[in-house]
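In my numbering, the protein residues as written are 917 to 1104. The C-beta atom is built at its ideal place from N, Cα and C for all residues, glycine as well.
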């Protein structure tokens, strides 16, 4: 079944579980890791957000209790630099994670020449090396030419109470005619 999304959308998803055992009860778990599927496709800006609540009560209906948190994501492009921001969560509740890891997929874009997370360079790794890495705490990025995607792995958990800024220096402008006309498919 095809799924359509507007260019400029940032869609938060749960990463694939590593085992079938991790699938049980997943809907009621507050994610400690998110996949941010970002559809660039020539758009100079985009946004999205994720809403979290305790998943087991209806306390979110009472405005006098803090039982939910919202995290916003947005990106802007200026010349050949893409800036992607994960905002600090607004709100909190007892089981809300204090930190998270992220996988950010920037779809419909040419390769990066450099990537920084909070002004710290991260290294480029080949697609297979990064996917199959046993180092669960190494941040890095790669490029998947088959989907025109820069994939950034933030494996060192970052605080949910602080913003994270990712700067991506691009090898080509996102207004390149080859990118603007490239159809972007969304497959979960």
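For residue 997, the first and last residue of its enclosing beta strand (DSSP E) | 997-1002
Within this structure, are the beta carbons of residue 965 and residue 989 separated by less than 8 Å?
-> yes
State the CB to CB distance for the pair residue 1079 and residue 1004, rounded to an integer number of angstroms; the pair is presumed to be in contact (CB under 8 Å).
-> 5 Å
In angstroms, rounded to a whole number, what distance separates the CA positions of residue 1036 and residue 926?
-> 23 Å
Under the three-state DSSP convention, the category residue 1071 falls into = strand
Residue 983 burial status per 10 Å Cβ neighbour count (16 or more: buried) | buried
Starting from the Cα of residue 947, find the closest Cα among 996, 978, 1011 and 976 and give me that residue.
-> 1011
Taking only beta-carbon positions, decide if residue 1086 is within less than 8 Å of chain C.
-> The structure shown has no chain C; it contains just one protein chain.
Report all residues from its chain with a CB closer than 6 Å to the CB of residue 923; omit the five preceding and five following residues, and keep chain order.
-> 955, 957 and 959
Rank 942, 1007, 972 and 993 by C-alpha distance to the C-alpha of residue 1091 and give the top, closest one.
-> 993
Ignore the nearest five residues each way along the sequence and tell me which others in residue 967's own chain have a CB closer than 8 Å to its CB.
-> 984, 985 and 986
Is the number of C-beta pairs between the stretch 927-945 and the stretch 1067-1079 that are closer than 8 Å three or more?
-> no
Taking residue 1024 as the reference, give the member of 920, 978 and 1060 with the closest Cα.
-> 1060
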